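Read the structure below first, then the notes.
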Amino acid sequence: MKGTKFKEQDPCPSQSMQGLGKGDKREEQGLGPEPSVPPQPTEEEEALIEFHRSYRELFQFFCNNTTIHGAIRLVCSKHNRMKTAFWAVLWLCTFGVMYWQFALLFAEYFSYPVSLNINLNSDKLVFPAVTVCTLNPYRYTEIKEELEELDRITEQTLFDLYKYNSSYTLKAGAHRRSTRNLRSALPHPLQRLHAPPPPYPARAARSSSSSVRDNNPQVDRKDWKIGFQLCNQNKSDCFYQTYSSGVDAVREWYRFHYINILSRLPDTSPSLEEEALGNFIFTCRFNQAPCNQANYSQFHHPMYGNCYTFNNKNNSNLWMSSMPGVNNGLSLTLRTEQNDFIPLLSTVTGARVMVHGQDEPAFMDDGGFNLRPGVETSISMRKEALDSLGGNYGDCTENGSDVPVKNLYPSKYTQQVCIHSCFQENMIKKCGCAYIFYPKPKGVEFCDYRKQSSWGYCYYKLQGAFSLDSLGCFSKCRKPCSVTNYKLSAGYSRWPSVKSQDWIFEMLSLQNNYTINNKRNGVAKLNIFFKELNYKTNSESPSVTMVTLLSNLGSQWSLWFGSSVLSVVEMAELIFDLLVITVLMLLHRFRSRYWSPGRGARGAREVASTPASSFPSRFCPHPTSPLPSLPQQGTAPSLALTAPPPAYATLGPCAHPLDSAVPGPSACALGEP
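To get the numbering used here, take the position in the sequence shown, counting from 1, and add 48.
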């Protein structure tokens, strides 16, 4: 009966008949049944995707099969802990040093270094544009009377300040006014300041604690300075624009009023007289051929007078140089006399020249040089081109489209074009008018104190901020990526010589119907030519490209581990397997904690209905015991049937079902003798 009772409670699965006799003999000897050998997986039983069951198994598989040097030593020396530790430390140190080198390589790549490549080329060269100015501001007919009035007032001012008397005033003016009338004819009179400038009356009436400021630092060679006062619109703030030199003060004061007079000219500037070119340029030749009117264009500069640009972009056939040397360039004979011009504005005799590209404006203040009268100046040129990298490799712009400054010049983008346009934009925005030295957009007037009474105050304040880069023009205006420069070298000689000057001056006078009064100081000669046709091109290229970076990374990987790209794939596979195993272990722990069979009647029923064959073949579940019947009270729900967790100490190897016929204790009996 006991055996029968045991059979009724025996939940062990049935075993196969194979190996029965051998198991009986082992039990008779007290050794227990022989554990069954797990079946070997067949090809049909292999899954499509399989993962390792533990980190140890994964690491051992990786070390046995990887192509990375040194990894196999971590496994083959596992019985020698000292060697295993040594190779583990060595492997990790090598791994760390390699990735330190990787960090250096990536840092170098993302610093975007460049290499400068220098190339020498030889070919026919396009002759650059050449601009020549007279250094004599021209008297337009439309404003001639106003300029003469300014000259008379200036002469009277010089007499009041320095007791200087000139006969020019008597020649220029039809009549002479009184000193008071002349001085009061123009605003902002020129004054001598013996002490710190007194406060402006209107300003002093409002506040006794304020005073007029001096716009320039104190440079007192004596106890006085020369300057003129400028105030804002409502006269609440004033300062003196002062100079320690009387010459500088007179020129700047005259220039300030001259700009106001020029602003009254119409937008369409009057054309120059036809004989103006002939009066300035006596002879012009290029490649031993005479120039014609189609080879030049003209414009007027407020300070440098009439200017002529040869071989500009409007020239239909640009000049080409196929031979170097002084005889294969541009040769000009210039008139440098100053007759009926503006001597109070221009104090230099000669001419001003600038060499520039065809599509670039001529900034005579920035890049020009003066010619000396009575001297032959020979300028040899060498062309140089610079191609810089933009983007991450350098702060340059291709065409200025990404620069936050509008180009006001009818030319291509250059840094100087951008800087002058930036100043003009700030001038229009803050002063309400445009500065006459720079182009202006449509609908904007040039500054004139008859319309904008305080523009001088605004301009000089803005000029000081511009010099300190407070306007941000120098930071906004980036350099262009492609720049062409001309390196100039000058040579001077006396021209004409003493023995040849008589016939040369006679021929020039007859040719141009003009008498040269001061022969030596009346002419100058200019030669501009290429020194050689070889030109240098400086181009930038990335020092470290993506190909170079990958090559360096592969070299470091081979140096420290002696492996290839496939080894990197193996490392990636190892990391992927580690992540998968970690996720699976976390999911298993989550399911065992929050999804257990003992969480209600449903879980109990699922466990109770689970067949015994679904458990592992070598272990038996804990035997279920009948639950005691509980009294039911009314409609109270019955307690859920729960199965206690298995006691792992009672688990043992399952005996074959036929072993129950053999007398003796059952292999699945729980603690029974």
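Note that beta-carbon positions come from the ideal geometry of N, C-alpha and C, so glycine has one too.
Bear in mind the structure is a predicted one, so any value in this text is a computation, not a measurement.
query: Does DSSP put Lys584 in a helix, in a strand, or in coil?
result: strand
- request: With distances taken Cα to Cα, identify the nearest neighbour of Val374 among Glu580, Trp605, Lys131.
  value: Per the C-alpha coordinates, the member of Glu580, Trp605, Lys131 positioned closest to Val374 is Glu580.
message: Just verifying my parser: in three-state terms, what is the DSSP assignment at Lys420?
response: One point to set straight first is that residue 420 is Arg, not Lys, in the sequence displayed. It is coil, neither helix nor strand.
query: What residues in its chain sit with their C-beta under 6 Å from that of Ile116, if we drop five residues either side in the sequence?
result: Phe609, Ser611, Ser615
- request: Identify every residue that forms a DSSP beta bridge with Glu239.
  value: The identity of residue 239 in the sequence shown is Gln, whereas the question assumes Glu. Gly275, per the DSSP bridge assignment.
- prompt: Distance, Cα to Cα, Cys444 vs Tyr583?
  reply: 23 Å
- request: Say yes only if the C-beta of Glu588 is nearer than 6 Å to one or more non-hydrogen atoms of the ligand SAM, and no if none qualify.
  value: Ligands are entirely absent from the displayed structure, and the ligand SAM is therefore not among its contents.
message: Here's a check: name, in chain order, each residue in its chain whose Cβ is nearer than 7 Å to the Cβ of Phe485, leaving out the five neighbours to either side.
response: So the list reads Pro350, once near-sequence residues are dropped.
query: If you check the beta carbons only, do Asp435 and Ser530 fall under 7 Å apart?
result: yes
- prompt: Are any of the Cβ atoms in chain B nearer than 7 Å to that of Leu153?
  reply: Of the protein chains in this structure there is only one, and it is not chain B.
Ala252 - DSSP class collapsed to helix/strand/coil: In this prediction, Ala252 scores a pLDDT of 40, lower than 50, which makes its location untrustworthy; the coordinate-derived value is nonetheless stated afterwards. Three-state result, Ala252: helix.
query: Between the stretch 457–467 and the stretch 535–544, do three or more beta carbon pairs fall short of 8 Å?
result: no
- prompt: In the DSSP assignment, what are the bridge partners of Asp435?
  reply: Paired residue(s): Ser530, Ser587.
- prompt: In angstroms, rounded to a whole number, what distance separates the CA positions of Ile629 and Asn112?
  reply: 19 Å
query: Do you know offhand how far His305's Cα is from Phe411's?
result: Each residue's alpha carbon lies about 22 Å from the other.
message: For Glu473 and Cys481, which I take to be in contact (beta-carbon distance under 8 Å), what is that distance rounded to the nearest angstrom?
response: That pair is no contact at about 12 Å.
- prompt: So, using beta-carbon positions, are Gly353 and Pro185 closer together than 7 Å?
  reply: With contacts defined by Cβ atoms closer than 7 Å, Gly353 and Pro185 form a contacting pair.
query: Which residues bound the alpha helix (DSSP H) around Arg333?
result: Premise fails: Arg333 lies in the beta strand (DSSP E), 329–334, not in any alpha helix (DSSP H).
message: Can you give me the C-alpha to C-alpha distance between Ala433 and Asn167, rounded to a whole angstrom?
response: 10 Å
task: Find the nearest neighbour of Asp199 within the set Val298, Gln289, Val180, judged by alpha-carbon distance.
output: Val298
task: Name the residue from Arg526, Tyr441, Lys131 whose alpha carbon lies nearest to the alpha carbon of Ser591.
output: Tyr441
- request: Tell me whether His348 sits in a helix, a strand or coil according to DSSP, three-state version.
  value: strand
- request: Could you tell me which residues DSSP puts in a beta bridge with Leu574?
  value: Leu380, Thr425
- prompt: Using the beta-carbon count (16 or more within 10 Å), is Gly512 buried or exposed?
  reply: Answer is exposed; the Cβ neighbour count stays below 16.
task: Excluding the 5 residues preceding and the 5 following Gly398 in the sequence, name in chain order all residues of the same chain whose CB lies nearer than 7 Å to its CB.
output: Leu183, Thr384, Asn418, Leu419, Arg420, Pro421, Ala572, listed in sequence order.
- prompt: Would you call Phe99 buried or exposed, if buried means 16 or more other Cβ atoms sit within 10 Å of its Cβ?
  reply: exposed
message: What does the alpha-carbon distance come out to for the pair Thr425 and Asn376?
response: Spanning the two alpha carbons is a distance of roughly 15 Å.
query: Smallest Cα separation from Glu300: which of Asp413, Ile309, Cys355, Phe276?
result: Phe276
field: Range of the contiguous alpha helix (DSSP H) that encloses Thr596
entry: 594–609
message: Going by C-alpha to C-alpha distance, which of Pro372, Tyr291, Cys339, Ile576 sits closest to Asn363?
response: Cys339
field: Met633 classed as buried or exposed, judged by whether at least 16 other C-beta atoms fall within 10 angstroms
entry: Residue environment for Met633: exposed (fewer than 16 other C-beta atoms within 10 angstroms of its C-beta).
message: If the criterion is Cβ atoms closer than 7 Å, does the pair Ser501 and Ser163 meet it?
response: no
task: Give the single residue among Thr357, Val451, Gly438, Asp450 whose Cα lies nearest to the Cα of Gly416.
output: Thr357
message: Considering only their Cβ atoms, is the gap separating Met429 from Lys172 smaller than 7 Å?
response: no
- request: Go through its chain and collect everything with a Cβ distance to Gln108's Cβ below 8 Å, but skip five positions before and after it.
  value: Val123
message: Quick check on DSSP: helix, strand or coil for Arg400?
response: strand
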